[in-house]
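Residue numbers (this note's numbering), protein chains in the order written: chain A, 177 to 407; chain B, 102 to 520. Virtual Cβ for every residue (Gly too), placed ideally from N, Cα, C. These notes are about the structure you will find just below.
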Amino acid sequence: MAYPLHPQQQQQHQLQHHQHQQEVKLWSDKREREMFENFADLFAIIKTTEKLEKAYVRDAMSARDYEPWCTKLIAQFRTLKNALRDVVPDVDRFMAAYKMDCPAAHNRLLVSGIPATVEHKSATSSSFDAGATAVAVAECVQHYITAMDSLKLNMVAVDQIHPLLLDLLSALNRVPQLTADFEGKVKTRDWIAKLNKMGASDELTEQQARQLLFDLDSSYNAFINSLPKHT
Amino acid sequence: MPSISPGQTSSHACVQFLNSVLSRPNALPYEEEVKWSIRQHLVNVIQHFPGLQARTAGFTHNDGRQANLLQADGTIPMYYQDVKYNIPVTIWLTEPYPRKPPLVYVSPTRDMIIKPRHRLVDASGMVSVPYLQQWVFPRSNLVELVQNLSLHFGHDPPLYSRPSTPVPSPQQQQQQQLQQQTQPQQQPQQPFHGMNPIYSSNSPPPTSAAPIPYPPPYYQQQQQQQQPSTRTEDPASVFKRNAVNTLVARVQQDVVSLRSSFEVEMDELFSVQASLNKRAEQLGKHLQELQHEKEGLEQQLQLLLTNTDVLETWLQSNDGPNASGDMNIDEAFEPCDVLSRQMLEASAEDLAIEDVLYSLDKAVQEGVITAEVYLRHVRMLARDQFFYRATSAKVRTAQMQAQVAGMAARAAPPPYVSS
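Below is the structure:
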């Protein structure tokens, strides 16, 4: 047909043209299928984290249930994020692309990196147990020394420092004398968040390492000073 | 004696008159054999010169004898300085005519005088021209005679009008006097300048007085013939003449300036007219544009009204009380193509899962399910939801691509499309 189509004919022409079309398939080969499956996992983790946070905040879930789930999800997220760092360089963009709208998950997974209970742990009644306290204090000291030694030994990779700091924070949380805004805790939290943003194989710069060392040192001193003194 | 009135131009009447008069025995003293010639001469001359008429009249010879003779009486034309004048003459056909020449007299009126010491005309008015002296029968005739007279008089007019002649137009009289006054300045050999009051060699006629190419009656002849003799200056007339001149000049100037100012005004008015015409054109165009716009809007209005009617009828047919009951909501809308259907289903699933998650939220809040169960289900559902969401996103892009391709196809339909 060399002449322009009548509008009605045009519509039919379009319909016919579309009927020649196939349904859209999400993937066309196994690699794409694998990619989309991973995407689905990522999506599910983030969504679940969001629901988890909401439930915890609404008190639909106890802290006892929340913390292990959160830790698990954070760990799974970090692993998956690392695995997908080539296809999903920016998780924020991924979340925007699929219209996820998960601000709580975003905070938990990408900013804070630790469960809320760990973040904001304050003294609980159960930790008035003197024995547990002593163990916690000892663990804190141990973790402090381990972390500082690692830094001095130039083990400055994120995946080396981060678990140490995490342990330290957990231990600090178990010490009842320490308030939530104990400087050591705050600093440690900040450092954890910073490390969370970095890739697993990233390394601290010399300046950062020195800074972290200094922070650990000062918070350790503060910690020691906060212990009840023997007369 | 019967005569033909000057008004009758038919030579036939003249012929008749002559016939009657010549046929009477002993009425006229001419020889029988020459009567035909006489008649012919008279008829011819009257035909050539309508100012003349044939008459019989009594003639007194110089020796006292009296006779009843035929005469051609009236005016003959002469041309002096390209102006035609009529000279009153009488041509008497004596007894021996046509063997002997006729007698020609100028017949000045009361207002005319004969030019003194005229070469051809004596004081009594008798004219003697060489043609008369060399008269030969039968060749000579009256027509040639009159032509000769006309020629001679044209060279040397024999008659003048008197100065105190009452002239009908005072302007002409002043002109006459003007001419007379100018005469002393001119050469005295040309006293005849006074003869033409209306036309002079100096100035053109300022009035609308009729020119004299046509033979005027006696009346006008009087105006033409003037007396040049009075050279006395009349102060009153001089003043009058000067005043007239000045006034005439002023009037002329005023007329010229008036004319130029009128022309300027006319030009302005023309330009105003032109601009008004242009504006009228513009207004007409605007009016047309507005009308077109109005028509277009009316058409659109019509279209809208018909569409409204269509919609209303559809609504009535479909919104009736019996219509909604058997409607399957899910089949109320039909996706128009594959992509739309896919989009519809994917979006529906996505939103359905969202609803399920919401219900689960409520359930775990109320403690209907445990956190463990809740979170596991959330994880599974979220995973499924992802696939539907990703599919709908892909379908959306495919739809947009198809739309773009459709627009391109509409612009240039591909020749290979099979219908």
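task: Find the nearest neighbour of E213 of chain A within the set B:A499, B:A506, B:V505 and B:A491, judged by alpha-carbon distance.
output: From the listed residues B:A499, B:A506, B:V505 and B:A491, the smallest Cα separation to E213 of chain A is found for B:A491.
query: Is there at least one Cβ from chain A nearer than 8 Å to Q466 of chain B's Cβ?
result: At least one chain A Cβ lies under 8 Å of Q466 of chain B.
query: Can you list the residues of chain B that M237 of chain A reaches, using a CB-CB cut of under 9 Å?
result: Going along chain B in sequence order, the residues near M237 of chain A (Cβ under 9 Å) are V465, A472, Y475 and L476.
field: A499 of chain B vs V334 of chain A beta-carbon contact at 8 Å
entry: With contacts defined as CB atoms closer than 8 Å, A499 of chain B and V334 of chain A fail to qualify as a contacting pair.
- prompt: What is the DSSP secondary structure of N346 of chain B, reduced to helix, strand or coil?
  reply: Reduced to three states, the DSSP call for N346 of chain B is helix.
message: Strictly under 8 Å for the Cβ-Cβ distance: is A220 of chain A near chain B by that measure?
response: Closer than 8 Å: yes.
- prompt: Hey, out of B:M501, B:R511 and B:L458, whose CA is closest to A220 of chain A's CA?
  reply: Checked all of B:M501, B:R511 and B:L458; the closest Cα to A220 of chain A is B:L458.
task: Can you tell me which of the three DSSP states P292 of chain B falls into?
output: For P292 of chain B, the predicted structure reports a pLDDT of 43, less than 50, and the residue's modelled location is therefore unreliable. A value from the coordinates is still provided. Reduced to three states, the DSSP call for P292 of chain B is helix.
Expected contact under 8 Å - CB spacing of I188 of chain B and F254 of chain B to nearest Å: Yes, they are in contact, since the Cβ atoms of I188 of chain B and F254 of chain B sit about 6 Å apart, within 8 Å.
task: Check whether the Cβ of S460 of chain B sits closer than 7 Å to any heavy atom of the ligand NAD, and report yes or no.
output: No copy of the ligand NAD occurs in the structure displayed, which carries no ligand at all.
task: Using only alpha-carbon positions, find the residue among A:L249, A:S402 and A:Y320 that is nearest to N480 of chain B.
output: Position check: residue 480 of chain B holds Arg in this sequence, whereas Asn was assumed. Residue A:L249 holds the alpha-carbon nearest to the alpha-carbon of R480 of chain B among A:L249, A:S402 and A:Y320.
- prompt: The alpha helix (DSSP H) spanning N169 of chain B covers which residue range?
  reply: Unbroken run through N169 of chain B is the beta strand (DSSP E), Q167 to Y181; no alpha helix (DSSP H).
query: Short check: CB of T309 of chain A to CB of P244 of chain A, under 8 Å?
result: Going by C-beta atoms, T309 of chain A is not nearer than 8 Å to P244 of chain A.
- prompt: Name the chain B residues whose beta carbon is nearer than 9 Å to that of K223 of chain A?
  reply: Within 9 Å Cβ-Cβ: L458, V479, R480, L482, A483, R484, Q486 and F487.
message: If you reduce the DSSP assignment to three classes, tell me which class N187 of chain B lands in.
response: Note: N187 of chain B maps to strand in three-state DSSP.
- prompt: In terms of residue numbering, what span does the alpha helix (DSSP H) encompassing A128 of chain B cover?
  reply: A128 of chain B -> no alpha helix (DSSP H), and no H or E assigned at all.
message: For P231 of chain B, count the other beta carbons within 10 Å of its own beta carbon; 16 or more makes it buried, fewer makes it exposed. Which is it?
response: Its Cβ having fewer than 16 others within 10 Å, P231 of chain B is exposed.
task: Under 8 Å between beta-carbons, which chain B residues line up against V200 of chain A? List them in chain order, please.
output: Those are L440, Q443, T492, K495, V496 and A499, listed as they occur along chain B.
message: Using 8 Å as the threshold, is the C-beta distance between A259 of chain A and F488 of chain B below it?
response: No, these two residues do not count as a Cβ contact at 8 Å.
field: Enclosing alpha helix (DSSP H) for Y232 of chain B [first to last residue]
entry: Counting along the chain, Y232 of chain B sits inside the alpha helix (DSSP H) bounded by residues P231 to Q234.
message: R240 of chain A and Q466 of chain B - do their beta-carbons sit closer together than 8 Å?
response: Contact: no.
task: Report yes or no: is there a C-beta of chain B within less than 8 Å of the C-beta of D241 of chain A?
output: At least one chain B Cβ lies under 8 Å of D241 of chain A.
message: To the nearest angstrom, how far is the alpha carbon of G375 of chain A from that of A369 of chain A?
response: Those two C-alpha atoms are separated by around 12 Å.
Cα-Cα separation between S225 of chain B and H219 of chain B, rounded to whole angstroms: Rounded to the nearest angstrom, the two C-alpha atoms are 11 Å apart.
task: Within the same chain, show all residues whose beta-carbon is closer than 7 Å to that of L354 of chain A, passing over the 5 residues directly before and after it, in chain order.
output: Closer than 7 Å at the Cβ level, and outside the excluded window around L354 of chain A, lie L348, K361 and S402.
query: Considering only residues of the same chain and omitting the five flanking positions on each side of L392 of chain A, which have a CB-CB separation below 7 Å?
result: Closer than 7 Å at the Cβ level, and outside the excluded window around L392 of chain A, lie Y320, A323 and M324.
query: Quick one: what does DSSP say L340 of chain A is sitting in, helix, strand or coil?
result: Correct three-state label for L340 of chain A: helix.
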